[in-house]
Amino acid sequence: SQKIEQNSEALNIQEGKTATLTCNYTNYSPAYLQWYRQDPGRGPVFLLLIRENEKEKRKERLKVTFDTTLKQSLFHITASQPADSATYLCALPNNAGNMLTFGGGTRLMVKP
Amino acid sequence: EPEVTQTPSHQVTQMGQEVILRCVPISNHLYFYWYRQILGQKVEFLVSFYNNEISEKSEIFDDQFSVERPDGSNFTLKIRSTKLEDSAMYFCASRAGTGRVGELFFGEGSRLTVL
């Protein structure tokens, strides 16, 4: 069955450092992959989408890579700030493209 | 900035009661979704809706659940006879109608507590 794995342990880093979060998947051949941010008690907020033919995508301090051979996406936040503290979710579509399945998320804590 | 709005923000109900959760998606969006998140767990897909019909549903979305778009603006989720395990945050989301790829815009959620 299809599976999405994100590190369930919280990632604690110092302000100014680069945070790197991992999303691994099995039994998928997704046309794209998305990353969302979720704050406690709030709905997920879209951050970035990367397609299967793109190796890397950047948006301000965010960078996403997508390795379809390794079946892995890495999500980087450079020059991290305490305001970046949140849970980050990766999401993949099904083959029909009519639903997204979310990973369990990784909680990021950036200490000042 | 357009947003997805959900009501109520919190509902407490007795087991066995019917509940309707309401959503107003972004006005020019064509794809609509319901997800739920049990406290401390992952965001789980329930159902997607396009062109006035269900396009995909999960195993969670059994006969106790139904969705409707009654008037071209609202999108509702009905749970006919609530169970304790239905207690969760329910998120509505919508997407623009530009093919199979696109970001989902989520509402702030309706927290359902079943006693």
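If you read the protein sequences in the order shown, they are chains R and D.
Quick note: the first sequence uses our numbering, first residue 1, plus one each step.
Quick note: the second sequence uses our numbering, first residue 1001, plus one each step.
Just so you know, even glycine gets a beta-carbon here, dropped at the ideal spot from N, CA and C.
If you're wondering where the values come from, they're calculated on a predicted model, not measured in any experiment.
Residue i versus the options, residue with shortest Cα-Cα distance
i: residue 62 of chain R; options: R/37, R/41, R/53, R/44; result: R/37
i: residue 1034 of chain D; options: D/1102, D/1060, D/1017; result: D/1060
i: residue 1062 of chain D; options: D/1103, D/1090, D/1078, D/1108; result: D/1078
i: residue 1002 of chain D; options: D/1110, D/1106, D/1071, D/1021; result: D/1106
i: residue 1081 of chain D; options: D/1020, D/1110, D/1072, D/1097; result: D/1020
i: residue 104 of chain R; options: R/96, R/92, R/98; result: R/92
i: residue 1084 of chain D; options: D/1005, D/1114, D/1030; result: D/1114
i: residue 69 of chain R; options: R/30, R/1, R/47; result: R/30
i: residue 1122 of chain D; options: D/1108, D/1089, D/1041; result: Nothing in the structure corresponds to residue 1122 of chain D, since chain D is present only between 1001 and 1115.
i: residue 35 of chain R; options: R/25, R/26, R/46, R/28; result: R/46
i: residue 1017 of chain D; options: D/1086, D/1056, D/1009, D/1070; result: D/1086
i: residue 1045 of chain D; options: R/64, R/98, R/111, R/26; result: R/98
i: residue 1015 of chain D; options: D/1064, D/1104, D/1099, D/1041; result: D/1064
i: residue 101 of chain R; options: R/24, R/111, R/81; result: R/24
i: residue 22 of chain R; options: R/95, R/55, R/66, R/48; result: R/66
i: residue 106 of chain R; options: D/1025, D/1042, D/1009, D/1026; result: D/1042
i: residue 9 of chain R; options: D/1108, D/1072, D/1040, D/1073; result: D/1040
i: residue 1008 of chain D; options: D/1102, D/1099, D/1076; result: D/1076
Contacts that residue i makes with chain D (C-beta to C-beta distance below 9 Å)
i: residue 11 of chain R; result: Chain D residues near residue 11 of chain R: none, gap ~17 Å exceeds 9 Å.
i: residue 42 of chain R; result: 1106, 1108, 1109
i: residue 49 of chain R; result: 1101, 1102, 1103
Residues that residue i contacts on chain D, provided the C-beta gap is smaller than 8 Å
i: residue 46 of chain R; result: 1103, 1104, 1105
Segment contact, 8 Å Cβ cut-off, at least three pairs: the region 1044–1054 of chain D with the region 73–81 of chain R: no
Near-chain R residues of the region 1038–1056 of chain D - C-beta to any C-beta below 9 Å: 1041, 1042, 1043, 1044, 1045, 1047, 1048, 1050, 1055, 1056
Contacting positions in the region 81–108 of chain R - beta carbon closer than 9 Å to chain D: 89, 91, 93, 94, 96, 97, 98, 99, 100, 101, 102, 103, 104, 105
Contact residues within the region 23–43 of chain R, judged by C-beta distance below 9 Å to chain D: 31, 32, 34, 36, 38, 41, 42, 43
Within the region 8–44 of chain R, ranges of the beta strand (DSSP E) (whole runs, at least 3 residues): Within the region 8–44 of chain R, the complete beta strand (DSSP E) segments at least 3 residues long are 11–14, 19–26, 32–38, listed from N- to C-terminus.
Contact residues within the region 1079–1098 of chain D, judged by C-beta distance below 7 Å to chain R: Using a CB distance below 7 Å, the part of the region 1079–1098 of chain D facing chain R consists of 1091, ordered along the chain.
Any 3 or more C-beta pairs closer than 8 Å across the region 1092–1103 of chain D and the region 1022–1036 of chain D: A contact is defined here as three or more CB-CB pairs under 8 Å, and the region 1092–1103 of chain D meets this definition with respect to the region 1022–1036 of chain D.
Entirely enclosed beta strand (DSSP E) segments - the region 1054–1085 of chain D, minimum 3 residues: The DSSP assignment places 1065–1068, 1075–1079 as complete runs of the beta strand (DSSP E) inside the region 1054–1085 of chain D, in order along the chain (cut-off: 3 residues).
Beta strand (DSSP E) runs contained entirely in the region 1007–1050 of chain D, provided each spans 3 or more residues: Listed in chain order, they are 1010–1013, 1019–1024, 1029–1037, 1043–1050.
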